[in-house]
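According to UniProt numbering, the residues represented by the sequence shown are 1 to 383, in order.
C-beta: ideal position from N, C-alpha, C; glycine also.
What you are looking at is a predicted structure, and each value in this text was computed from that prediction instead of being measured.
Some notes on the structure that comes next.
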Amino acid sequence: MSDRGEHSRTRVAVLPAAHPAVRRITGLDGAEHVELVPVRPGVVNGQTPPEAVTPAEFDPGHVASGEIHRDGDPLRTADLAHVHFGYDYLEPESVDGVVEHLARAGVPMVLTVHDIVYPSHEDELPHRDHTGTLVEAAAAVVTLTEVAAHELWVRWGVEPVVVPHPRLLDEDEVSSAIRAGKHLRGPGDPVVVGVLLERMGENIDGPELLDQLAPVAHGRRGAHLRIVVEAQAWRDACGEDREAGGHHLVAELAAEGGWESVRLVRYESLDLAPLLAEFAALDVCVLPYRFATHSTWLELCRDLGVSPVFPAVGCLREQWFDRCDPGDHSGEVYDPRDPSAVAVAVRAALENPRAVPPRVEGADPTSVIAAHARIYDEAAGRR
(Lines of atoms letter the chains of each structure in order from A; the text may use other names.)
(Lines give C-alpha, C1' and ligand atoms only; values in the text may rest on other atoms or scores of the structure.)
Protein backbone atom coordinates (compact mmCIF):
# COMPACT_ATOMS: atom_id res chain seq x y z
CA MET A 1 0.00 0.00 0.00
CA SER A 2 1.33 3.46 -0.84
CA ASP A 3 2.31 5.97 1.84
CA ARG A 4 0.78 9.06 0.27
CA GLY A 5 -1.73 10.21 2.85
CA GLU A 6 -3.73 13.41 2.51
CA HIS A 7 -2.17 16.11 0.38
CA SER A 8 -3.52 19.29 -1.19
CA ARG A 9 -1.47 18.95 -4.38
CA THR A 10 -1.51 16.10 -6.85
CA ARG A 11 1.91 14.48 -6.78
CA VAL A 12 3.00 13.24 -10.19
CA ALA A 13 6.00 11.21 -11.32
CA VAL A 14 6.56 12.32 -14.94
CA LEU A 15 8.67 10.20 -17.27
CA PRO A 16 10.99 10.85 -18.97
CA ALA A 17 12.09 13.29 -16.34
CA ALA A 18 14.14 16.01 -17.96
CA HIS A 19 12.86 16.31 -21.53
CA PRO A 20 12.04 20.02 -22.06
CA ALA A 21 9.14 19.26 -24.38
CA VAL A 22 7.51 17.11 -21.70
CA ARG A 23 7.63 19.90 -19.14
CA ARG A 24 6.18 22.42 -21.59
CA ILE A 25 3.52 20.03 -22.89
CA THR A 26 2.18 19.32 -19.42
CA GLY A 27 2.64 22.87 -18.17
CA LEU A 28 4.04 21.45 -14.96
CA ASP A 29 6.67 24.17 -14.67
CA GLY A 30 3.92 26.66 -13.87
CA ALA A 31 1.32 24.47 -12.14
CA GLU A 32 0.23 25.50 -8.66
CA HIS A 33 -1.67 22.35 -7.75
CA VAL A 34 0.75 19.74 -9.10
CA GLU A 35 3.94 18.60 -7.39
CA LEU A 36 6.69 16.64 -9.11
CA VAL A 37 7.92 13.82 -6.91
CA PRO A 38 11.41 12.27 -6.99
CA VAL A 39 11.72 9.10 -9.03
CA ARG A 40 15.11 8.45 -7.47
CA PRO A 41 16.09 9.48 -3.92
CA GLY A 42 17.16 13.12 -3.98
CA VAL A 43 16.45 13.51 -7.68
CA VAL A 44 13.50 15.64 -8.74
CA ASN A 45 11.99 15.12 -12.20
CA GLY A 46 13.50 17.59 -14.61
CA GLN A 47 17.01 17.53 -13.14
CA THR A 48 18.40 14.43 -14.84
CA PRO A 49 18.78 13.34 -18.47
CA PRO A 50 15.71 11.56 -19.84
CA GLU A 51 17.83 8.48 -20.51
CA ALA A 52 18.48 8.20 -16.75
CA VAL A 53 14.87 8.25 -15.58
CA THR A 54 12.50 6.40 -17.88
CA PRO A 55 9.48 4.11 -17.49
CA ALA A 56 11.96 1.28 -16.94
CA GLU A 57 12.68 2.77 -13.52
CA PHE A 58 9.24 1.58 -12.40
CA ASP A 59 10.16 -2.04 -13.13
CA PRO A 60 11.88 -3.68 -10.13
CA GLY A 61 13.47 -6.19 -12.48
CA HIS A 62 15.19 -3.48 -14.53
CA VAL A 63 18.96 -3.43 -14.08
CA ALA A 64 19.05 0.30 -13.31
CA SER A 65 16.24 0.21 -10.78
CA GLY A 66 18.23 -1.11 -7.82
CA GLU A 67 19.09 2.40 -6.70
CA ILE A 68 15.52 3.55 -6.33
CA HIS A 69 14.20 0.33 -4.81
CA ARG A 70 17.03 -0.02 -2.31
CA ASP A 71 15.70 2.83 -0.14
CA GLY A 72 12.04 2.13 -0.73
CA ASP A 73 9.60 2.51 -3.58
CA PRO A 74 9.69 6.02 -5.07
CA LEU A 75 6.01 5.66 -5.91
CA ARG A 76 4.96 5.51 -2.27
CA THR A 77 4.59 9.32 -2.25
CA ALA A 78 3.12 9.66 -5.76
CA ASP A 79 -0.57 10.05 -6.55
CA LEU A 80 -0.03 8.96 -10.15
CA ALA A 81 2.57 8.41 -12.87
CA HIS A 82 2.49 10.21 -16.22
CA VAL A 83 4.36 8.40 -18.99
CA HIS A 84 5.21 10.18 -22.24
CA PHE A 85 7.93 8.14 -23.95
CA GLY A 86 11.11 6.25 -23.18
CA TYR A 87 9.60 2.77 -23.47
CA ASP A 88 10.53 2.07 -27.08
CA TYR A 89 13.66 0.08 -26.25
CA LEU A 90 12.13 -2.14 -23.53
CA GLU A 91 11.41 -5.84 -23.87
CA PRO A 92 7.70 -6.79 -23.69
CA GLU A 93 8.17 -8.40 -20.28
CA SER A 94 9.69 -5.15 -18.99
CA VAL A 95 6.65 -3.16 -20.10
CA ASP A 96 4.44 -5.74 -18.38
CA GLY A 97 6.63 -5.36 -15.30
CA VAL A 98 6.13 -1.60 -15.26
CA VAL A 99 2.35 -2.02 -15.50
CA GLU A 100 2.27 -4.68 -12.78
CA HIS A 101 4.45 -2.65 -10.43
CA LEU A 102 2.26 0.44 -10.82
CA ALA A 103 -0.81 -1.69 -10.12
CA ARG A 104 0.76 -3.21 -6.99
CA ALA A 105 1.74 0.25 -5.77
CA GLY A 106 -1.82 1.47 -6.28
CA VAL A 107 -0.60 4.26 -8.57
CA PRO A 108 -2.75 5.07 -11.64
CA MET A 109 -0.97 5.83 -14.88
CA VAL A 110 -1.69 8.63 -17.35
CA LEU A 111 -0.26 8.00 -20.81
CA THR A 112 0.36 10.69 -23.42
CA VAL A 113 0.75 9.09 -26.85
CA HIS A 114 3.09 11.29 -28.88
CA ASP A 115 4.00 8.60 -31.41
CA ILE A 116 1.55 6.04 -32.72
CA VAL A 117 4.18 4.68 -35.10
CA TYR A 118 7.73 4.02 -33.93
CA PRO A 119 9.53 7.36 -34.23
CA SER A 120 12.97 6.07 -35.24
CA HIS A 121 12.74 2.67 -36.93
CA GLU A 122 10.71 1.08 -39.67
CA ASP A 123 9.78 -1.96 -37.56
CA GLU A 124 6.82 -0.51 -35.69
CA LEU A 125 5.60 -3.79 -34.17
CA PRO A 126 7.48 -3.54 -30.81
CA HIS A 127 6.42 0.07 -30.30
CA ARG A 128 2.83 -0.73 -31.24
CA ASP A 129 2.71 -3.64 -28.79
CA HIS A 130 4.27 -1.56 -26.00
CA THR A 131 1.85 1.30 -26.63
CA GLY A 132 -1.10 -1.08 -26.67
CA THR A 133 -0.08 -2.57 -23.31
CA LEU A 134 0.25 0.87 -21.75
CA VAL A 135 -2.99 2.17 -23.33
CA GLU A 136 -4.96 -0.74 -21.91
CA ALA A 137 -3.46 -0.20 -18.44
CA ALA A 138 -3.80 3.59 -18.35
CA ALA A 139 -6.38 5.36 -16.23
CA ALA A 140 -6.36 8.14 -18.84
CA VAL A 141 -4.88 8.49 -22.32
CA VAL A 142 -3.89 11.85 -23.80
CA THR A 143 -2.76 12.83 -27.28
CA LEU A 144 -2.10 16.04 -29.20
CA THR A 145 -4.50 16.06 -32.17
CA GLU A 146 -8.02 14.89 -32.99
CA VAL A 147 -6.80 12.73 -35.87
CA ALA A 148 -4.38 10.93 -33.55
CA ALA A 149 -7.20 10.43 -31.04
CA HIS A 150 -9.30 8.80 -33.77
CA GLU A 151 -6.43 6.51 -34.73
CA LEU A 152 -6.00 5.44 -31.10
CA TRP A 153 -9.72 4.68 -30.90
CA VAL A 154 -9.54 2.60 -34.09
CA ARG A 155 -6.50 0.65 -32.91
CA TRP A 156 -7.27 0.15 -29.22
CA GLY A 157 -10.84 1.27 -28.58
CA VAL A 158 -9.75 4.06 -26.23
CA GLU A 159 -11.14 7.61 -26.22
CA PRO A 160 -8.17 9.90 -25.52
CA VAL A 161 -8.35 13.41 -24.17
CA VAL A 162 -6.92 15.83 -26.75
CA VAL A 163 -4.67 18.49 -25.23
CA PRO A 164 -3.11 20.59 -28.02
CA HIS A 165 0.60 21.30 -28.07
CA PRO A 166 1.46 24.51 -26.18
CA ARG A 167 4.30 26.79 -27.14
CA LEU A 168 7.80 25.53 -26.38
CA LEU A 169 9.40 28.96 -25.89
CA ASP A 170 8.36 31.93 -23.81
CA GLU A 171 8.32 35.49 -25.17
CA ASP A 172 11.81 36.33 -23.91
CA GLU A 173 13.28 33.22 -25.52
CA VAL A 174 11.59 34.03 -28.82
CA SER A 175 12.74 37.67 -28.80
CA SER A 176 16.33 36.75 -27.97
CA ALA A 177 16.46 34.05 -30.64
CA ILE A 178 15.06 36.33 -33.35
CA ARG A 179 17.51 39.12 -32.50
CA ALA A 180 20.45 36.72 -32.58
CA GLY A 181 19.14 35.09 -35.75
CA LYS A 182 19.22 38.40 -37.64
CA HIS A 183 22.96 38.63 -37.03
CA LEU A 184 23.46 35.09 -38.30
CA ARG A 185 21.65 35.91 -41.55
CA GLY A 186 24.14 38.62 -42.45
CA PRO A 187 23.67 41.66 -44.71
CA GLY A 188 21.43 41.96 -47.72
CA ASP A 189 18.39 39.78 -48.25
CA PRO A 190 19.65 36.19 -48.14
CA VAL A 191 17.53 33.09 -48.42
CA VAL A 192 18.31 30.57 -45.69
CA VAL A 193 16.97 27.02 -45.94
CA GLY A 194 17.41 24.53 -43.12
CA VAL A 195 17.17 20.75 -43.32
CA LEU A 196 16.58 18.96 -40.03
CA LEU A 197 18.30 15.57 -39.98
CA GLU A 198 17.79 15.09 -36.21
CA ARG A 199 19.49 11.82 -35.23
CA MET A 200 19.62 10.54 -38.82
CA GLY A 201 17.37 7.60 -37.97
CA GLU A 202 15.44 5.41 -40.36
CA ASN A 203 12.58 7.91 -40.26
CA ILE A 204 14.70 10.65 -41.85
CA ASP A 205 15.51 11.08 -45.53
CA GLY A 206 19.19 12.00 -45.61
CA PRO A 207 21.74 12.63 -48.38
CA GLU A 208 19.37 11.86 -51.23
CA LEU A 209 17.01 14.59 -50.02
CA LEU A 210 19.87 17.11 -49.86
CA ASP A 211 20.51 16.36 -53.53
CA GLN A 212 16.81 16.86 -54.29
CA LEU A 213 17.02 20.39 -52.89
CA ALA A 214 19.58 21.52 -55.47
CA PRO A 215 16.94 23.15 -57.75
CA VAL A 216 16.08 25.56 -54.93
CA ALA A 217 19.49 27.25 -55.20
CA HIS A 218 19.75 27.24 -58.99
CA GLY A 219 19.25 30.72 -60.41
CA ARG A 220 18.80 32.24 -56.95
CA ARG A 221 21.47 34.57 -55.58
CA GLY A 222 22.26 34.47 -51.89
CA ALA A 223 20.82 31.01 -51.19
CA HIS A 224 22.27 29.38 -48.08
CA LEU A 225 21.78 25.86 -46.75
CA ARG A 226 21.95 24.86 -43.10
CA ILE A 227 22.05 21.15 -42.19
CA VAL A 228 20.80 20.68 -38.63
CA VAL A 229 21.87 17.44 -36.98
CA GLU A 230 22.10 16.05 -33.45
CA ALA A 231 25.75 16.17 -32.38
CA GLN A 232 26.07 12.66 -30.99
CA ALA A 233 24.39 11.14 -34.04
CA TRP A 234 26.86 13.00 -36.22
CA ARG A 235 29.81 11.79 -34.16
CA ASP A 236 28.52 8.23 -34.39
CA ALA A 237 28.01 8.48 -38.16
CA CYS A 238 31.43 9.94 -38.91
CA GLY A 239 33.49 8.03 -36.35
CA GLU A 240 37.10 9.14 -36.16
CA ASP A 241 36.73 11.03 -39.44
CA ARG A 242 33.86 13.17 -38.14
CA GLU A 243 35.39 16.56 -38.98
CA ALA A 244 36.72 15.50 -42.36
CA GLY A 245 33.40 13.84 -43.13
CA GLY A 246 31.55 17.02 -42.32
CA HIS A 247 33.82 19.18 -44.45
CA HIS A 248 33.55 16.76 -47.36
CA LEU A 249 29.74 16.84 -47.25
CA VAL A 250 29.64 20.61 -46.99
CA ALA A 251 32.14 21.11 -49.82
CA GLU A 252 30.31 18.68 -52.10
CA LEU A 253 26.92 20.30 -51.54
CA ALA A 254 28.31 23.80 -51.99
CA ALA A 255 30.04 22.83 -55.24
CA GLU A 256 27.27 20.77 -56.81
CA GLY A 257 24.14 22.29 -55.31
CA GLY A 258 24.71 25.91 -56.24
CA TRP A 259 24.37 27.14 -52.66
CA GLU A 260 26.29 30.28 -51.75
CA SER A 261 27.14 28.66 -48.44
CA VAL A 262 26.50 25.34 -46.74
CA ARG A 263 27.01 24.88 -43.02
CA LEU A 264 26.50 22.08 -40.53
CA VAL A 265 24.62 23.10 -37.39
CA ARG A 266 25.11 20.55 -34.62
CA TYR A 267 23.08 20.59 -31.42
CA GLU A 268 22.95 18.65 -28.16
CA SER A 269 19.68 16.81 -27.63
CA LEU A 270 19.33 17.95 -24.00
CA ASP A 271 20.17 21.61 -24.64
CA LEU A 272 18.42 23.26 -27.56
CA ALA A 273 19.11 26.80 -26.32
CA PRO A 274 22.21 27.31 -28.53
CA LEU A 275 20.18 26.14 -31.55
CA LEU A 276 17.38 28.70 -31.20
CA ALA A 277 19.18 31.56 -32.95
CA GLU A 278 20.19 29.27 -35.83
CA PHE A 279 16.58 28.15 -36.15
CA ALA A 280 15.25 31.71 -36.03
CA ALA A 281 17.63 32.66 -38.86
CA LEU A 282 15.89 30.26 -41.26
CA ASP A 283 13.29 31.28 -43.81
CA VAL A 284 12.24 27.66 -44.34
CA CYS A 285 12.94 24.46 -42.45
CA VAL A 286 12.54 21.09 -44.16
CA LEU A 287 11.43 18.27 -41.87
CA PRO A 288 12.25 15.25 -44.07
CA TYR A 289 10.34 12.54 -42.25
CA ARG A 290 9.72 9.24 -43.97
CA PHE A 291 7.17 8.41 -41.25
CA ALA A 292 6.01 10.23 -38.13
CA THR A 293 3.01 10.98 -35.94
CA HIS A 294 3.60 14.41 -34.39
CA SER A 295 6.66 16.66 -34.36
CA THR A 296 7.95 18.95 -31.62
CA TRP A 297 10.02 20.68 -34.29
CA LEU A 298 6.85 21.91 -35.96
CA GLU A 299 6.04 23.73 -32.74
CA LEU A 300 9.51 25.27 -32.64
CA CYS A 301 8.86 26.56 -36.18
CA ARG A 302 5.58 28.05 -34.99
CA ASP A 303 7.20 29.74 -32.00
CA LEU A 304 9.96 31.30 -34.10
CA GLY A 305 7.89 32.16 -37.18
CA VAL A 306 9.75 29.78 -39.50
CA SER A 307 7.89 28.25 -42.45
CA PRO A 308 8.09 24.44 -42.31
CA VAL A 309 8.13 22.13 -45.30
CA PHE A 310 7.06 18.63 -44.32
CA PRO A 311 5.74 15.42 -45.90
CA ALA A 312 2.15 14.21 -45.96
CA VAL A 313 2.67 11.56 -43.27
CA GLY A 314 1.14 10.88 -39.87
CA CYS A 315 -0.68 13.73 -38.19
CA LEU A 316 1.75 16.49 -39.21
CA ARG A 317 -0.68 18.36 -41.47
CA GLU A 318 -3.38 18.36 -38.80
CA GLN A 319 -0.91 19.41 -36.12
CA TRP A 320 0.33 22.41 -38.11
CA PHE A 321 -2.92 23.58 -39.70
CA ASP A 322 -5.22 22.63 -36.81
CA ARG A 323 -8.57 24.41 -37.36
CA CYS A 324 -7.22 26.98 -39.81
CA ASP A 325 -7.16 27.47 -43.59
CA PRO A 326 -3.83 26.26 -45.05
CA GLY A 327 -4.14 28.82 -47.83
CA ASP A 328 -3.89 31.66 -45.33
CA HIS A 329 -0.78 30.51 -43.51
CA SER A 330 2.78 29.32 -44.03
CA GLY A 331 3.70 25.67 -44.26
CA GLU A 332 4.06 23.50 -47.37
CA VAL A 333 3.20 19.80 -47.50
CA TYR A 334 4.91 17.55 -50.05
CA ASP A 335 4.47 13.99 -51.29
CA PRO A 336 7.53 12.04 -50.07
CA ARG A 337 7.06 9.54 -52.91
CA ASP A 338 7.83 12.24 -55.51
CA PRO A 339 11.58 13.06 -55.66
CA SER A 340 10.91 16.52 -57.09
CA ALA A 341 8.21 17.48 -54.60
CA VAL A 342 10.37 18.75 -51.76
CA ALA A 343 12.18 21.31 -53.92
CA VAL A 344 8.86 22.51 -55.36
CA ALA A 345 7.48 22.90 -51.83
CA VAL A 346 10.53 24.83 -50.62
CA ARG A 347 10.37 27.21 -53.58
CA ALA A 348 6.66 27.76 -52.92
CA ALA A 349 7.38 28.58 -49.28
CA LEU A 350 10.11 31.06 -50.26
CA GLU A 351 8.09 32.75 -53.00
CA ASN A 352 4.90 33.11 -50.97
CA PRO A 353 5.88 33.89 -47.37
CA ARG A 354 2.97 33.97 -44.93
CA ALA A 355 2.46 34.06 -41.19
CA VAL A 356 2.54 30.81 -39.25
CA PRO A 357 -0.85 29.47 -38.12
CA PRO A 358 -1.95 30.61 -34.67
CA ARG A 359 -2.21 28.12 -31.88
CA VAL A 360 -5.66 26.67 -31.39
CA GLU A 361 -7.92 27.49 -28.49
CA GLY A 362 -6.84 25.51 -25.47
CA ALA A 363 -3.14 25.57 -26.34
CA ASP A 364 -2.28 28.50 -24.08
CA PRO A 365 -0.30 27.56 -20.95
CA THR A 366 -3.18 28.25 -18.56
CA SER A 367 -5.54 25.95 -20.47
CA VAL A 368 -2.92 23.21 -20.82
CA ILE A 369 -2.17 23.29 -17.09
CA ALA A 370 -5.89 23.21 -16.27
CA ALA A 371 -6.50 20.31 -18.67
CA HIS A 372 -3.74 18.23 -17.11
CA ALA A 373 -4.92 19.11 -13.60
CA ARG A 374 -8.40 17.77 -14.47
CA ILE A 375 -6.94 14.63 -16.00
CA TYR A 376 -4.76 14.03 -12.95
CA ASP A 377 -7.63 14.58 -10.51
CA GLU A 378 -9.88 12.15 -12.38
CA ALA A 379 -7.14 9.54 -12.78
CA ALA A 380 -6.09 9.72 -9.13
CA GLY A 381 -9.73 9.36 -8.09
CA ARG A 382 -9.93 5.94 -9.79
CA ARG A 383 -7.71 4.31 -7.16
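Query raised in the report: In three-state DSSP terms, what is residue 308?
Result: strand
**Report entry** Selection from 327, 333, 297 and 359 that minimises the alpha carbon distance to residue 311
**Finding:** 333
Query raised in the report: Hey, residue 319 and residue 298 are a contact pair by Cβ (cut 8 Å); roughly how many whole angstroms apart?
Result: 6 Å
Query raised in the report: Cα-Cα, which of 317, 224, 79 and 258 is closest to residue 330?
Result: 317
Report task. Name the residue from 337, 359, 159 and 95 whose alpha carbon lies nearest to the alpha carbon of residue 131. Result -> 95
Query raised in the report: If you draw a straight line from the alpha carbon of residue 40 to that of residue 77, how long is it in whole angstroms?
Result: Confidence at residue 40 is low in this model, with a pLDDT of 49, below 50, so its placement is unreliable and no value can be given for it.
Query raised in the report: Buried or exposed: which applies to residue 373, given that a residue is buried once 16 or more other Cβ atoms fall within 10 Å of its Cβ?
Result: buried
Query raised in the report: Going by C-alpha distance, which of 370, 281 and 8 is nearest residue 182?
Result: 281
Requested in this report: Rounded to whole angstroms, what's the CA-CA distance from residue 292 to residue 119? Just pull it up for me.
Outcome: 6 Å
**Report entry** Between the CA atoms of residue 276 and residue 184 - distance to the nearest angstrom
**Finding:** 11 Å
Requested in this report: Given a cut-off of 9 Å, decide if residue 202 and residue 290 are closer than it, judged by their beta-carbon atoms.
Outcome: yes
Query raised in the report: Excluding sequence positions up to five away, which residues of its chain have a Cβ less than 6 Å from the Cβ of residue 315?
Result: 145, 147, 148, 293 and 294
Query raised in the report: On the three-pair Cβ rule with 8 Å, is the region 156-164 touching the region 128-142?
Result: yes
Query raised in the report: Between the C-alpha atoms of residue 177 and residue 125, what's the straight-line distance to the nearest angstrom?
Result: 40 Å
Report task. Measure the alpha-carbon distance for residue 15 versus residue 348 and round it to whole angstroms. Result -> 40 Å
Query raised in the report: Rounded to the nearest angstrom, how far is the Cβ of residue 137 from that of residue 99, given a contact under 8 Å?
Result: 4 Å
Query raised in the report: Considering only C-alpha positions, which residue in the set 274, 207 and 221 is nearest to residue 252?
Result: 207
Query - Cβ-Cβ distance between residue 213 and residue 342 below 9 Å - result: yes
**Report entry** Delimiting residues of the beta strand (DSSP E) encompassing residue 225
**Finding:** 223-230
Requested in this report: Out of 326, 357, 259 and 365, point me to the one whose CA is closest to residue 226's CA.
Outcome: 259
Query - Cβ neighbours of residue 224 in the same chain (closer than 8 Å, five flanking residues each side left out) - result: 190, 191, 192, 193, 259, 260, 261, 262 and 263
Query - Sub-9 Å separation of residue 324 and residue 358 beta-carbons - result: yes
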